[in-house]
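Colleague:
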Amino acid sequence: QKEVEQNSGPLSVPEGAIASLNCTYSDRGSQSFFWYRQYSGKSPELIMFIYSNGDKEDGRFTAQLNKASQYVSLLIRDSQPSDSATYLCAVNRNRDDKIIFGKGTRLHILP
Amino acid sequence: EPEVTQTPSHQVTQMGQEVILRCVPISNHLYFYWYRQILGQKVEFLVSFYNNEISEKSEIFDDQFSVERPDGSNFTLKIRSTKLEDSAMYFCASSDRGSYGYTFGSGTRLTVV
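Right, here's the structure in full:
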């Protein structure tokens, strides 16, 4: 069974600090890894995706991938109250494959 | 910015009734998807659709479910005989480059009573 595991949280982080979100996956055939943000009652929105080992930065967000450890993470620098949401980790095998989502980690930024 | 539009935003139906959930994907997108999210649970894949046919479906997508692209713009999900456990938020998504660029619609909350 292909699974994506995340700590459900809530993860509480003071405003301005770095939030660190983690995810592990079971399918070694996974090639692409996604982070989505989902506000309560809303649809998921793509933050970024990564497919190579290492770090990928986009503004305040950095995704980190370690395929040997089957581990993906998302760092959010200078956390803002508007970053409070559920963050979904997702994976797939290739462009034509479906995306499989984890259950998400609830992040709460403390003002 | 282009949007994926879903209607209705909320539908209440009686158990055993048929429902049709409607989606208008972004106009130049070729890949279409339905996902669902039961309250408090993860977003689950139902079906993907490309080149006017189903490309993949999950175990959830049984004979009660069907999809259609009836007129080149709409993409519909039909549930023939709804069950209580079909209550969920249903999300449509479309993409012009497979799974690398999903845009989700705002969802239809289906409540089966």
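Protein sequence lines correspond, in order, to chains A and B. Counting from 1067, one number per residue, gives the positions in the first sequence under this note's numbering. Counting from 3, one number per residue, gives the positions in the second sequence under this note's numbering. We treat Cβ as the ideally placed atom computed from N, Cα and C, and that holds for glycine.
Please confirm if residue 1163 of chain A has its CB atom under 8 Å from at least one CB of chain B.
Modeller: Output row for residue 1163 of chain A: interface = yes.
Colleague: Give the interface partners of residue 58 of chain B over in chain A, defined as CB-CB distance under 9 Å, in chain order.
Modeller: Correct list: 1162, 1163 and 1164.
Colleague: Quick one: residues in its chain with C-beta nearer than 8 Å to the C-beta of residue 15 of chain B, no 5 flanking neighbours on either side, listed in chain order?
Modeller: Same-chain partners within the cutoff: 21, 84, 112, 113, 114 and 115.
Colleague: Could you work out which residues of chain B lie near residue 1150 of chain A, taking near to mean beta carbons separated by less than 7 Å?
Modeller: By Cβ distance, chain B contributes nothing, its closest Cβ being about 18 Å from residue 1150 of chain A, past 7 Å.
Colleague: Can you name the residues of chain B whose CB is closer than 7 Å to the CB of residue 1158 of chain A?
Modeller: Neighbours of residue 1158 of chain A on chain B, chain order: 101.
Colleague: Return the chain-ordered list of same chain residues with a C-beta closer than 6 Å to the C-beta of residue 91 of chain B, the five sequence neighbours on each side being excluded.
Modeller: Closer than 6 Å at the Cβ level, and outside the excluded window around residue 91 of chain B, lie 39, 109 and 111.
Colleague: So with CB distances below 7 Å, who are the chain A contacts of residue 85 of chain B?
Modeller: Residues of chain A passing the Cβ test: none, with the nearest at roughly 23 Å.
Colleague: Kindly indicate which residue of A:1107, A:1129, A:1076 and A:1143 has the alpha-carbon position closest to the one of residue 1098 of chain A.
Modeller: Measuring from the Cα of residue 1098 of chain A, the nearest candidate turns out to be A:1129.
Colleague: Determine the closest residue to residue 28 of chain B out of B:77, B:86, B:88 and B:102, with distance taken between C-alpha atoms.
Modeller: When each option's Cα is compared against that of residue 28 of chain B, the closest is B:77.
Colleague: Quick check on residue 104 of chain B - is its C-beta less than 8 Å from some C-beta in chain A?
Modeller: True, the Cβ-Cβ gap to chain A drops below 8 Å.
Colleague: Going along chain B, which residues have a C-beta under 8 Å from residue 1169 of chain A?
Modeller: Going along chain B in sequence order, the residues near residue 1169 of chain A (Cβ under 8 Å) are 43 and 44.
Colleague: Going along chain B in order, which residues have a C-beta closer than 9 Å to the C-beta of residue 1098 of chain A?
Modeller: Correct list: 101 and 102.
Colleague: Among residues of its own chain, excluding the 5 on either side of residue 1124 of chain A, which ones have a beta-carbon nearer than 8 Å to its beta-carbon?
Modeller: Counting only Cβ-Cβ distances below 8 Å, and skipping sequence neighbours, we find 1113 and 1114.
Colleague: Give the interface partners of residue 1115 of chain A over in chain B, defined as CB-CB distance under 7 Å, in chain order.
Modeller: Simply 102.
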